[in-house]
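Working notes, beginning with the structure itself.
Numbering (our numbering), first residue to last: 322 to 889.
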């Protein structure tokens with residue numbers, strides 16, 4: 322009898338232990354009653370998501386998800402709203418975004434007169450000698466031409482009138498040219514007799530008079546003069562100023578549902594500061610950064626590579642950025658044939674090709690990603706040539722090297738992207754933003770056959786990523802997504818619509834493709850068990866809503882690492 326009772330007790334104990342093992346663990350947060358778009362082909366949709374310790378614990382029905390509810394579980398009823406992975410900014414400038422939120426933002430200035438007023442207002446508040454900094458102007462987008470002008474550019478003496486005691490530096494939206502007033506030019510040692518540097522152009526009119534516009538590498542003397550002035554401040558003040566800019570940038574990202582940011586060009590100092598914040602758990606979104614520096618400096622600082630998932634996945638640095646040419650809007654894109662609206666001018670390389678080859682050698686040896694800015698068709702061809710020289714050493718190597726922008730390509734180059742497994746890191750919003758002047762720069766044939774060739778790349782099997790290049794454009798992912806699926810301009814016309822993406826392709830490019838391009842596709846980019854719980858709740862279903870409703874979509878919640886970081 323005792324043996325029977327003992328066996329019965331053991332069975333009951335085992336059954337109780339077993340049931341305890343099979344009961345689901347408690348989630349920290351459960352999203353219920355949602356339209357979940359997972360970007361996971363194995364389970365494309367769901368009703369609910371359960372989250373534990375910053376990771377996705379479960380996706381499926383609301384009833385099943387609620388089985389993970391514990392005493393301390395927060396339940397968020399999404400009331401039928403659209404839920405998707407957080408947007409990953411595929412190519413932007415996080416430090417530039419922060420600076421643009423603190424300095425003059427010229428992106429929405431309708432004309433030169435508005436810019437002059439903004440500078441005048443800033444000068445009235447500034448101490449004599451302080452620099453006035455701004456970014457975002459674009460002469461092709463002004464609603465009226467300035468007068469007098471040369472190539473659409475007004476003369477800098479108008480800046481002198483509104484800022485007689487303060488140097489002024491206003492960067493083009495693209496970052497590839499700048500306006501400087503007379504004081505800034507004088508400090509930098511630039512005058513009518515100054516010769517163009519290699520890879521740059523000090524714009525002068527037909528009589529040799531300075532306009533005040535500095536293109537590409539010609540910006541460096543003024544930028545260095547500004548940096549010299551900044552460096553008069555203590556290191557502590559500089560660091561605090563940077564931290565404030567970073568905080569503003571991250572808040573702007575969260576407001577737009579951007580949970581990860583691929584930064585296209587950080588300095589070693591900025592990376593050191595970011596690593597410190599990551600290790601203190603003070604970063605609010607995930608950062609993947611490319612280092613931008615010269616060949617000698619890269620080799621000198623090679624010991625910092627790689628930084629993998631610092632701060633529990635909030636900072637990764639194992640990529641290098643090089644800009645081979647400039648931007649089309651500022652006539653800096655390096656072309657195979659002359660510009661249609663600037664006779665004989667084919668743009669230029671802003672970086673020495675031999676030096677780029679040396680950096681490619683370094684990156685291949687150190688297993689670093691190489692990311693090359695190439696906008697013009699000549700720049701794209703040269704980049705693929707350089708990439709292929711390295712990749713043919715071991716074609717099976719998972720390198721994931723990237724061409725940043727790949728905006729204007731000779732159609733013959735598209736198969737070469739696929740041949741060498743090169744990622745086309747593109748920004749859909751550039752297409753509709755630049756479209757009004759692209760045919761002027763390239764002519765109709767080149768514009769149609771080689772500009773923003775998303776579908777052609779995708780059809781060829783090339784990985785296409787997406788982003789805004791902020792602060793070149795606004796970080797708003799809905800405007801960028803709208804551009805990807807419509808190619809519609811503000812006047813209602815479309816820019817060669819045959820190259821549009823489908824909605825699924827566009828969302829993939831903004832999530833999983835960007836994760837893949839950062840070697841992080843196993844950790845983020847889709848809503849599936851085990852991945853980071855970086856999720857957004859939106860006011861519209863981006864797959865089924867009306868086309869025009871895409872642009873009015875609002876972010877209701879932004880969740881990073883399982884925590885609600887933004888709420889509408």
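Every residue gets a Cβ at the ideal spot worked out from N, C-alpha and C, and that includes glycine.
Asked, Found
"Could you name the residues that DSSP lists as bridge partners for residue 455?", "425 and 491"
"Rounding to the nearest angstrom, what Cα-Cα distance links residue 861 and residue 581 in this structure?", "21 Å"
"CA-CA distance, residue 606 and residue 814?", "36 Å"
"So, with DSSP's three-state summary, where would you put residue 608?", "strand"
"Please report how far the alpha carbon of residue 701 lies from the alpha carbon of residue 649, in whole angstroms.", "13 Å"
"Taking a contact to mean a Cβ-Cβ separation below 8 Å, would you say residue 504 touches residue 850 in this structure?", "no"
"When DSSP labels each residue in this structure, what does residue 336 get in the three-state scheme?", "Because residue 336 sits at a pLDDT of 44, beneath the cut-off of 50, its placement in the model cannot be relied upon, and the point is left open."
"Use the C-beta contact count for residue 512: other C-beta atoms within 10 angstroms, 16 or more gives buried, fewer gives exposed.", "exposed"
"DSSP has residue 744 in a bridge; who is on the other side?", "723"
"Could you tell me the distance, in whole angstroms, from the CA atom of residue 866 to the CA atom of residue 632?", "37 Å"
"Tell me whether the stretch 528-537 and the stretch 548-555 touch, counting them as touching only if at least three CB pairs, one residue from each stretch, are closer than 8 Å.", "no"
"Going by DSSP in three states, residue 629 sits in which element: helix, strand or coil?", "strand"
"What's the gap between the Cα of residue 707 and the Cα of residue 792?", "29 Å"
"Can the beta-carbon of residue 428 be found less than 8 Å from the beta-carbon of residue 457?", "yes"
"Label residue 719 either buried or exposed according to how many other C-beta atoms from any shown protein chain fall within 10 Å of its C-beta, with 16 as the threshold for buried.", "exposed"
"Please work out which residues of its chain come closer than 7 Å, Cβ to Cβ, to residue 854, disregarding the five sequence neighbours upstream and downstream, and give them in chain order.", "372, 375, 376, 377, 880, 882 and 883"
"Pick from 444, 419, 360 and 422: whose alpha carbon is nearest that of residue 407?", "360"
"What residues in its chain sit with their C-beta under 6 Å from that of residue 864, if we drop five residues either side in the sequence?", "824"
"Give the straight-line distance between the Cα atoms of residue 342 and residue 383, rounded to the nearest whole angstrom.", "Annotation note: pLDDT 35 at residue 342 (below 50); position unreliable, coordinate value reported separately. For residue 342 and residue 383, the distance between alpha carbons rounds to 22 Å."
"So residue 785 packs on residue 775, CB below 8 Å; how close in whole Å?", "6 Å"
"Measure from the alpha carbon of residue 794 to the alpha carbon of each residue in 614, 422 and 366, then state which is nearest.", "422"
"Could you check if residue 522 is buried or exposed, using at least 16 other CB atoms within 10 Å of its CB as the buried criterion?", "buried"
"According to DSSP, which residues form a beta bridge with residue 957?", "Beyond the ends of the chain as shown, which are 322 and 889, falls residue 957; an answer cannot be given."
"If you drop the 5 nearest sequence neighbours on each side, which residues of the same chain put their C-beta closer than 6 Å to that of residue 471?", "526 and 532"
"Do the stretch 675-683 and the stretch 731-739 make contact, defined as three or more Cβ pairs closer than 8 Å?", "no"
"If you follow the beta strand (DSSP E) that residue 410 is in, where does it begin and where does it stop?", "408-413"
"Quick check on this structure: which residue in 842, 812 and 787 has the alpha carbon closest to the alpha carbon of residue 826?", "787"
"So which of 434, 727, 385 and 723 has the shortest CA-CA distance to residue 835?", "723"
"Indicate whether the contact test is met: 3 or more Cβ pairs, each with one atom in the stretch 388-395 and one in the stretch 403-420, closer than 8 Å.", "no"
"Does the separation of the CB atoms of residue 725 and residue 412 fall below 8 Å?", "yes"
"Locate the alpha helix (DSSP H) running through residue 656, then write down its first and last residues.", "Element bounds for residue 656: n/a, residue is neither H nor E."
"Helix or strand or just coil, what does DSSP make of residue 852?", "coil"
"Do the CB positions of residue 796 and residue 579 come within less than 8 Å of each other?", "yes"
"Might you give, ordered along the chain, the residues of its own chain that have their beta carbon closer than 6 Å to the beta carbon of residue 344, omitting 5 neighbours on each side?", "For residue 344, the predicted structure reports a pLDDT of 49, less than 50, and the residue's modelled location is therefore unreliable. A value from the coordinates is still provided. Cβ within range, chain order: n/a, list empty."
"Do residue 484 and residue 490 have their C-beta atoms within less than 8 Å of each other?", "no"
"For residue 692, which residues does DSSP report across the bridge?", "642 and 723"
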